[in-house]
Amino acid sequence: MKFTISTTIEEVLFKGRVRVNEMKLSDFLTRELDGRGIVATNRDVLLKEFFKDPTKYIRGKGALNEMQASGRYLSMERALKGELIFDEDIRKLCDKGVNNLPGWSLAAAEVTATVHNSTKHFLDAAAEEARKPTTTIEPIKMEGVYESVHNARWCHVVEVPGGEGTGMEVKEGKPKQSWTYKAVGESLEKDDGVQQSRAPRPRLMVLTSEKGRAVLVGEGLSKLIPDCYVNCEVERVWQIVKGDLTELFSSRPGTYFEPKRRVLIGTPGFGNSLAADSYLLYQLLHYDSELLPVVVHCFVGGVKAYVFDKTTETVTRYMDKSMMIKFVKELSWRGMKGYIIYELGGRLDIPSPCLPPEEWGMLVAATPETTSYIHWVSEKRAVRIIMNCPDESDVKAMCVWKKRNQPV
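Residue numbers (the working numbering): 29 to 436.
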């Protein structure tokens with residue numbers, strides 16, 4: 029939200045979001061416990077009344093204990109307490125004639141001292157922002173981008189025997205058999221010992237889209253290329269992240285589970301992650317939209333971010349890092365889960381400590397020589413994924429793909 033001299037105190041503190049104290053208990057139970065605990069006497073009860081005495085409205089001890097143990101319950105309880113503090117402070121300020129940011133800036137010290145420290149912090153920061161001349165770029169809806177990524181076309185390159193040894197051939201569509209992997213510690217390794225069918229495994233898979241994919245080519249610079257090369261290492265990254273999501277969404281209801289944060293160490297000379305970030309985006313868009321409705325892809329130190337809303341099948345571009353972070357945190361507060369792909373933009377790029385929100389996954393893609401992410405890794409207890417370099421056959425398959433339309 030952009031703060032101006034006309035922004036009211038209430039707008040600063042609540043930012044136009046849905047208030048917890050205006051939600052009904054029945055809506056919360058429907059979303060969190062599949063409707064268990066709803067009876068005629070509590071159907072229209074507001075959450076603010078429920079939190080005063082939960083046993084009055086939920087008679088089943090098992091359902092109540094399960095609800096109170098959930099991370100969402102604790103989050104809503106904290107949010108409600110925060111709202112009550114804000115409401116109390118808004119009333120105090122209104123009684124003194126302070127209704128907006130200019131009023132707050134001009135208020136006497138004895139007036140500002142009557143509110144809680146958290147309220148004072150938010151209002152001071154908003155007043156400072158409102159005083160600054162701004163060139164904030166508003167988020168832009170990107171037409172056709174969601175469809176371009178989601179509907180990318182599959183092709184693959186396979187090895188075929190020939191008169192002078194093994195050759196390579198381009199085929200349309202997704203291969204009948206991909207690579208297989210085995211667990212090694214907290215990671216996965218390619219398992220060549222498993223053959224699921226007689227169909228040959230691909231040497232390379234390729235995703236192509238009309239608008240292409242963005243890649244970093246220097247400090248803060250990016251360009252679009254049409255093809256996304258997927259070798260066994262790129263697929264391995266997705267299988268690891270997919271395993272993290274499976275673990276997250278299969279955790280026991282009512283228990284708090286923090287998804288793994290990952291750092292992907294890419295390959296020198298092939299960008300931060302070869303094509304793993306783009307392939308990860310594609311796969312996340314095809315992941316269950318009810319479980320994971322939002323995917324965020326960040327470039328150039330988070331200054332350029334694309335928010336993919338899978339429910340509406342739209343993409344919004346943010347060119348203001350703080351606006352993107354506020355929007356993502358708002359989605360998390362509303363109970364939506366998502367995943368953030370953050371491609372480091374240079375040696376001095378440091379991922380924001382505000383990312384990711386609770387119950388969101390995140391992967392930071394970096395080059396081997398980059399170290400700016402180390403503090404974030406330590407703070408978030410992120411786990412590294414080390415990508416191996418493409419081998420000679422991978423590079424040969426890329427060349428075969430590029431020359432597929434040239435005369436033999």
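Ideal Cβ placement from N, Cα and C applies to all residues, glycine included. Treat the numbers as computed from the prediction; the structure is a model and nothing was measured.
Item	Value
If you measure between the beta carbons of M196 and V186, is that distance less than 8 Å?	yes
If you draw a straight line from the alpha carbon of N107 to that of W404, how long is it in whole angstroms?	The amino acid occupying residue 107 in the given sequence is Ala; Asn does not appear at that position. Going from the Cα of A107 to the Cα of W404 covers about 26 Å.
Roughly how many angstroms lie between the CA atoms of S146 and D117, to the nearest whole one?	10 Å
Determine the DSSP secondary structure at I113, reduced to helix, strand or coil.	helix
Jot down the residue ranges of each uninterrupted beta strand (DSSP E) in the segment 308-389, minimum 3 residues, whole runs only, in chain order.	322-327, 332-337, 342-346, 366-371
Could you check the C-alpha separation between T208 and E217 for me, to the nearest Å?	9 Å
Which value, in whole angstroms, describes the spacing of the CA atoms of T142 and K148?	9 Å
To the nearest angstrom, how far is the alpha carbon of P321 from that of M51?	22 Å
Mark A394 as exposed unless 16 or more other C-beta atoms lie within 10 angstroms of its C-beta, in which case mark it buried.	buried
Look up A394 in the DSSP assignment and say whether it is helix, strand or coil.	strand
Out of L309, R87, C256, which has the shortest C-alpha to C-alpha gap to A425?	C256
Compare the beta carbon distance of A158 and F31 with 8 Å and say whether it is the shorter of the two.	yes
Using 10 angstroms around the beta-carbon of R432, count the other beta-carbons present and answer buried if the total reaches 16, otherwise exposed.	exposed
Would you mind listing the beta strand (DSSP E) stretches within the segment 72-149 that are 3+ residues and don't spill past its ends, in chain order?	none
Excluding the five sequence neighbours on either side, which residues of its own chain have a C-beta within less than 8 Å of the C-beta of E286, listed in chain order?	E386, E387
Judging by CA-CA distance, which residue of I66, L75, K80, A97 is the nearest neighbour of I86?	I66
For Y315 versus H325, is the C-beta distance shorter than 8 Å?	no
Check W207 in the structure and name its three-state DSSP category.	coil
Flag this pair as yes or no: are the beta carbons of L129 and A154 separated by less than 8 Å?	yes
Any idea if L273 is buried or exposed, counting beta-carbon neighbours within 10 angstroms, 16 or more meaning buried?	buried
Measuring CB to CB, does Y346 end up less than 8 Å from L372?	no
Using DSSP's beta-bridge definition, name the partner residues of M196.	E187
Helix, strand or coil for C417, going by three-state DSSP, please let me know.	coil
How many whole angstroms separate the CB atoms of K365 and R289, which I take to be in contact at a CB cut-off of 8 Å?	The Cβ separation is near 14 Å, so there is no contact.
Is the beta carbon of V291 sitting closer than 8 Å to the one on R412?	yes
What is the residue span of the beta strand (DSSP E) that S406 lies within?	That residue, S406, is in no beta strand (DSSP E); its alpha helix (DSSP H) goes 402-408.
What's the C-alpha gap between S103 and P381?	19 Å
On the DSSP bridge assignment, give the partners of D272 in chain order.	Partner(s): none; D272 has no beta bridge.
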